[in-house]
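Okay, structure first, notes after.
There are 2 protein chains.
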Amino acid sequence: MMPLILEIWYLAPITSIISIIAGIFLYNYVNSKDSGTEKMKNIARAIQEGSRSFLKTEYTYLAVFVSIMAILLSIFLSVKIGITYIFGTLTSGLAGLIGMEIAVKANVRTANAAKEGGLTNAFPIAFRGGAVMGLMVVGLALLGVSIIYLITGDPELVLGMSIGASTLTLFMKAGGGIFTKTADIAADLVGKVELNIPEDDPRNPAVIADNVGDNVGDCAGSGADLFDSYVAALMAAMILGGASGITYLETLPLIYAGLGIVSSIIGVATVRVGKKGDPGRALNMGTYITTISFSILTFLITRFLGFDMKIWYSNIAGLLAGLVIGMTSDYFTSINRPPALRTAESSQTGAAVNILTGFSYGLISCFPALLGIAVGSAVAYFLYGVYGVGIAAVGMLAIAGIIIAGDAYGPIGDNAKGIAEMAELGEDIVNITDEIDAAGNTTKAITKGFAIGAAGLTALALLASYQEIVNTLTGTIVTFDLMNPLVMVGVLVGMAVPIVFSAMIILAVSSNASRMIEEVRRQFREIPGLLEGAAEPDYAACVMIATRGALRELLPLIIFSISTTLLLGFIAGIQALAGFLAGAIFSGFFLAILMANAGGLWDNAKKYIESGFYGGKGSEGHKAAVIGDTVGDPFKDTAGPSLNTLVTVISQIASLFAPLIIVYALITI
Amino acid sequence: MMPLILEIWYLAPITSIISIIAGIFLYNYVNSKDSGTEKMKNIARAIQEGSRSFLKTEYTYLAVFVSIMAILLSIFLSVKIGITYIFGTLTSGLAGLIGMEIAVKANVRTANAAKEGGLTNAFPIAFRGGAVMGLMVVGLALLGVSIIYLITGDPELVLGMSIGASTLTLFMKAGGGIFTKTADIAADLVGKVELNIPEDDPRNPAVIADNVGDNVGDCAGSGADLFDSYVAALMAAMILGGASGITYLETLPLIYAGLGIVSSIIGVATVRVGKKGDPGRALNMGTYITTISFSILTFLITRFLGFDMKIWYSNIAGLLAGLVIGMTSDYFTSINRPPALRTAESSQTGAAVNILTGFSYGLISCFPALLGIAVGSAVAYFLYGVYGVGIAAVGMLAIAGIIIAGDAYGPIGDNAKGIAEMAELGEDIVNITDEIDAAGNTTKAITKGFAIGAAGLTALALLASYQEIVNTLTGTIVTFDLMNPLVMVGVLVGMAVPIVFSAMIILAVSSNASRMIEEVRRQFREIPGLLEGAAEPDYAACVMIATRGALRELLPLIIFSISTTLLLGFIAGIQALAGFLAGAIFSGFFLAILMANAGGLWDNAKKYIESGFYGGKGSEGHKAAVIGDTVGDPFKDTAGPSLNTLVTVISQIASLFAPLIIVYALITI
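Residue numbers (my numbering), protein chains in the order written: chain D, 1 to 669; chain W, 1001 to 1669.
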């Protein structure tokens, strides 16, 4: 049976190529649709140009950063790692580029389809736009991993690719996160608060930057995030499998990933909304169908090939943990559940109580999430050791195709609504786009929880693969005893990294926003006739400020994270570094959940009041809820989502530098 | 030399009796002073009655709770533990009672002395009032430990006393914390915001409860907090010393503690403020003199008795770690340092930005604190193993006498100012009491950091003593490997306990505050002439609501913490429970630092604006800063300070139940 088993992993490159072809097919479908009136085209063009200008500037910075990193890696480690590193940034960068290109085309076409044929016509465009991103991300990721493995046969070289993808993701998530909130805060503060003009008003110079922000932060950023976790989980499981001595365990993660792609394609194909259909339900059905198909397919192949069925159970443990975390996020952020309702109610006593209540529920929401990850990883471990944990992470991430599709659908719907408003398509059309947008919000909470859970499991698998690498290098079995003071020092310092990172990125948003506020005020002051609608604002100037500022603020963050990891490793050695990784996972996971859920909760508490309760829009309670929502914005859209990637990056840096740290660290106990 | 060494620990009971006598002496000194006009006496009486009524109700609840706990401990563990448990609650309760009694006497006498003889006369009364608390706490604590050790010779029975003290502290800190913020929020919201009457106005029915809150939360609570850490650190170090096999290590912590008392008495005796003196400087001088005396005395005795000098160095490592954490808190909360200044500046852009900025600096402040604890404990460990960590904690806590004196001085000054305002003693007198109050605020930040640092080190020592107990019970050397999935499950679930506890206690404040707001509104509505000053409000009703509510909200918190610990232990076993304790230390320490520093920062950012910057009082920036301050209030005065105790309680519960868990846990790997 061995030959069959060894060849069966070709399923991975084959399905990944199918995924890319399916993505191109859907791209052409979306692109073939009409993009509406001249006015709509103009607005869409401004968003496209803004998004492209951001990506271009970001990729320019990245090219420099990646080149330096690749040279350093080639010198200190090996040229092979330098090359796979570049390969990782290229594949991930390409996936982000394609996803963003289709998003900025799908938005206006969705708005136009809503105008022409209502929800039934508009929904497929928005969803298939998102699906392009989903299929491209998993296709390119799995193809990339397969190519490296095909050529080198060495899963540790996948680490080079994985860290390349992670560096890029850190730029996309954190940079995009700073960008989007900079634009959001500046647009709201000068437009809504100072000048009293509506949201998404074309007179506001920051309005295009705000829409661009949705694409660069939510769309390209989220895609990159899951690309990164996907590759990292595959790599970790392959390394753990390779170390087990059982040949088929090394390639099994690739087989599962291939089946995940097949399931995602099935899921994407079945998503449709009937004449009176509910888009939220359609999206969820797609996820359910994918999950069930994936469970069945992996069951069959595991059984058919005679693999240990415990591996399949580990896989399911991962899926269930993801489900628990996603459901928790859903409960704690939904507009019709006690946490959001009580936060809305508390707004009547003022902003401080609104913030305290939302923050408290955010804290409580960490309990089920921590428990879910704890139990999921422990069950997987008892089933099949550290490899079980790796497979649990792969199990969660294998269905990333459909998850990303649902996630990328969100900003397309959001943008479509913005375009419908700016192009004055009338209330009926705006309502249809609103329905599309709202469905995106329900799935968003679940996918966000899913992404954090997947990253948490992946981080645990990365910690295990770090241990495996250290074991191989030292030729002994290394334990990381909590009572070892070096491990304890590592944990305490490691905890500080996500904590300080969150703080720095929030401060970055506020300092970048104040630069942009100045620019928006300047334009209203210096461009005659702007407020009256007689002149055009300079949208590009705002996009440029948000872009440059985001990237400028980003660099210290990235240098801080990488240098703290290396400093601790080279001073305190490999034991301390293991503690450091664990500490970063602990505080990173906690803060990621807290910030995502508290942010979502404040957002929906505000929306609940806006729907007419506790005084409705304009009441004192509403003002209080708006303050809570503004606090939550950088929590949920900037700091929170970057933490996953941060933890992945430092875990991989640690694994990559382990050989040098073992030899050169000051403390070598 | 052995006989001398064995007898020298009698220093502990002797110095503790001296400390109690000195406390009684100072009590009489303060009590002999005049308490001023009839009006002042009336106000003071209302505060005294409110404080006594709170303590009485709390002690009634406690009596029931303690009896049940003592019976359960006697049945499941041993009658000896049941008895030492009760003994612990009694000594700690007595210290709290005396400290509070003197605080409510010293406040009015300080105000009157300011009227009669200015700062030079008023300061010693406030300080010596605080010193009564300080000397009583350390005296009773050390005497209690000495008595148990003298009778039984078994440091593990000190664990019973220690957990008794901790339970009581949890009631005092968390219950007092809910009480004080309930009253504060209700008094401010109805008084200042709705009715526009000044702070500390006698027409406000909640004003007495607010002043009572300062005593029960800050004064009795802080004293109990350090009592608890003090006994826990001694107990942990004694257990670790006993397990080392070197006889003198078991009693050395008692000797150091005795020398700490001598040093504190020296420090208290030298605190005085000259004619033009600065009370803040006088307080700091007292701390410095105590620290230096303690270092010299311990050096001499360690050298003279021929003990290993590495023990002394461990002791100093603890002191230095405490210093770093205290200085960090000082830097991040001081009114004239960048964090508070930038938060004040950011208030101009609105409440949301104020909160984001303050929260971010609070996060950053965790870095030096985590590093300080990490390096301090690691250095102590490398000097003298786990016993070194225990001695580092003892070293920090030995000088608790002077620390508590400075801490309890705070609410006395605060109350004196309130009384001076309510009794209309005129601007000059209010200014003197204000100066006394302000000096309390500077030392408060440092002592708060110190208390958290001491609790952090103590928690690490408790974890080590837990391991020691498990080693003894199982007869093997147990390691807590981070890669053991049970340990990892324990860490993740353990982290959740302080997180959920913080959330529950913050929600408790807001639900209790809304009950009290109703009552204050009712009184203004139903008592004719109250707003005009023609009728007296019903102060006692407000005190009763705050008391009952605080205790009612407290019970679920305590049950949650204890039951989670036991559940995890009995389900997942001793390995998981070790991880659980570590996890609780990780998140508890992080949240305690974050909440204390962010809270202090917001408070001072508001004060900075009130001193005339960025528009001063009443400006938009000021309103924003007030919202930040209100968010910070339950952070720094309710949730933050309770976390130390929470971690201590669950660590001790774990040690106490270790014998049962080893035998009866479901998972026994």
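Just so you know, even glycine gets a beta-carbon here, dropped at the ideal spot from N, CA and C.
Going by beta-carbon coordinates alone, are T169 (chain D) and T645 (chain D) separated by less than 8 Å?
Yes, they are a contact pair.
Hey, T180 (chain D) and D629 (chain D): beta-carbon distance below 8 Å or not?
Contact flag unset, no.
Buried/exposed call for M1172 (chain W), threshold 16 Cβ in 10 Å:
By the neighbour-count criterion, in which a residue is buried when 16 or more other Cβ atoms sit within 10 angstroms of its Cβ, M1172 (chain W) is buried.
Close-in-space but distant-in-sequence residues of the same chain around L1462 (chain W) (CB under 8 Å, 5 per side omitted):
Result list for L1462 (chain W): A1232, A1236, L1581, T1648, S1651, Q1652, S1655, in chain order.
In three-state terms, what does DSSP make of S1162 (chain W)?
Three-state result, S1162 (chain W): helix.
Contact list for Q1467 (chain W) against chain D, beta-carbon separation under 8 Å
Here the neighbours are M483.
Could you tell me the distance, in whole angstroms, from the CA atom of A1451 (chain W) to the CA atom of L319 (chain D)?
The C-alpha of L319 (chain D) is placed about 43 Å away from the C-alpha of A1451 (chain W).
For the 8 Å Cβ check, are there 3 or more pairs between the region 428-448 of chain D and the region 293-304 of chain D?
Counting C-beta pairs with one atom in each stretch, the region 428-448 of chain D and the region 293-304 of chain D have fewer than three that are closer than 8 Å, which means they do not touch.
With a threshold of 6 Å on Cβ separation, who are the neighbours of T1089 (chain W) within its own chain once the five nearest residues in sequence on each side are excluded?
Contacts found: V1066, G1164, L1168.
From the DSSP output, read off the bridge partner residues of D481 (chain D).
Looking at the DSSP assignment, D481 (chain D) forms a beta bridge with W:D1481.
Does Y1614 (chain W) come out as helix, strand or coil in the three-state DSSP assignment?
Of the three classes helix, strand and coil, the one that applies to Y1614 (chain W) here is coil, per DSSP.
Can you give me the C-alpha to C-alpha distance between E703 (chain D) and L26 (chain D), rounded to a whole angstrom?
The question about residue 703 (chain D) has no answer, for chain D in this structure spans 1 to 669.
Report the three-state DSSP secondary structure of I1527 (chain W) (helix, strand or coil).
I1527 (chain W) falls in the coil class under three-state DSSP.
Using 8 Å as the threshold, is the region 406-413 of chain D in touch with the region 127-140 of chain D, meaning 3 or more CB pairs across them?
These segments touch.
Which residue's Cα is closest to the Cα of S16 (chain D): D:V394, D:I261, D:I505?
Among D:V394, D:I261, D:I505, the Cα nearest to that of S16 (chain D) belongs to D:I261.
Whose Cβ in chain W lies nearer than 7 Å to the Cβ of C366 (chain D)?
The contacting residues are A1496, I1499.
Can you find the residues in the same chain that come closer than 7 Å, C-beta to C-beta, to M2 (chain D), ignoring five residues on each side of it along the sequence?
Summary for M2 (chain D): the model assigns pLDDT 45, below 50, so the residue's position carries little reliability; its value from the coordinates is reported in the next sentence. There are no such residues.
Which class does I1650 (chain W) belong to by DSSP, given the choice of helix, strand or coil?
Looking at I1650 (chain W) - three-state DSSP - the assignment turns out to be helix.
So, for A1639 (chain W): in the same chain, excluding its five sequence neighbours on each side, which residues have a beta-carbon less than 7 Å away from its beta-carbon?
Hits under 7 Å: S1502, I1505, I1506, M1595.
Return the Cβ separation of V520 (chain D) and V193 (chain D) in integer angstroms, given the expectation that the two are a contact with Cβ distance under 8 Å.
Not confirmed; about 12 Å, so no contact.
For S1032 (chain W), count neighbouring Cβ atoms within 10 angstroms of its own Cβ and tell me buried if that reaches 16, exposed if not.
Around the C-beta of S1032 (chain W), fewer than 16 other C-beta atoms lie within 10 Å, and the residue is accordingly described as exposed.
Mind pulling the chain W residues with CB within less than 7 Å of V353 (chain D)?
Correct list: S1510.
What's the gap between the Cα of V386 (chain D) and the Cα of L240 (chain D)?
Rounded to whole angstroms, the gap between the alpha carbons of V386 (chain D) and L240 (chain D) is 7 Å.
Minimum length 3: unbroken beta strand (DSSP E) runs contained in the region 1327-1356 of chain W:
List check, beta strand (DSSP E) in window: nothing returned.
Distance, Cα to Cα, I585 (chain D) vs M285 (chain D)?
The straight-line gap from Cα to Cα measures roughly 32 Å.
Where do the N-terminal and C-terminal ends of the alpha helix (DSSP H) with G274 (chain D) fall, by residue?
Counting along the chain, G274 (chain D) falls outside any alpha helix (DSSP H), and DSSP gives it neither H nor E.
Check M1001 (chain W) in the structure and name its three-state DSSP category.
Any reading at M1001 (chain W) needs caution, since the residue's pLDDT is 41, under 50, leaving its predicted position unreliable; the model's value is listed next. It is coil, neither helix nor strand.
Taking only three categories from DSSP, how would you classify G426 (chain D)?
Coil at G426 (chain D), not helix or strand.
When the distance is taken between beta carbons, is A1416 (chain W) closer than 8 Å to I1490 (chain W)?
In the sequence under discussion, the amino acid at residue 1490 (chain W) is Gly, which differs from the Ile named in the question. Judged by beta-carbon spacing, A1416 (chain W) lies beyond the 8 Å limit of G1490 (chain W), meaning their Cβ atoms are not closer than that value.
How about D218 (chain D) and M422 (chain D): are their beta carbons less than 8 Å apart?
In this structure, M422 (chain D) does not lie closer than 8 Å to D218 (chain D) by Cβ.
Which word fits I661 (chain D), buried or exposed, when buried means at least 16 other C-beta atoms lie within 10 angstroms of its C-beta?
Of the other Cβ atoms in all chains shown, 16 or more fall within 10 Å of the Cβ of I661 (chain D); this residue is therefore buried.
Have a look at G1533 (chain W) and I1527 (chain W) and give me their C-alpha separation to the nearest angstrom.
C-alpha separation (whole angstroms): 11 Å.
Quick one: is F1076 (chain W) buried, meaning 16 or more other Cβ sit within 10 Å of its Cβ, or exposed?
Classification of F1076 (chain W): exposed, given that the 10 Å Cβ count is below 16.
8 Å Cβ cutoff, T1565 (chain W) in contact with chain D:
Residue contact with chain D for T1565 (chain W): absent (no Cβ-Cβ distance below 8 Å to any residue of chain D).
Helix, strand or coil, according to DSSP, for A471 (chain D) in the structure here?
According to the sequence shown, residue 471 (chain D) is Asn rather than Ala. Assignment of N471 (chain D) by DSSP, reduced to helix, strand and coil, places it in the helix class.
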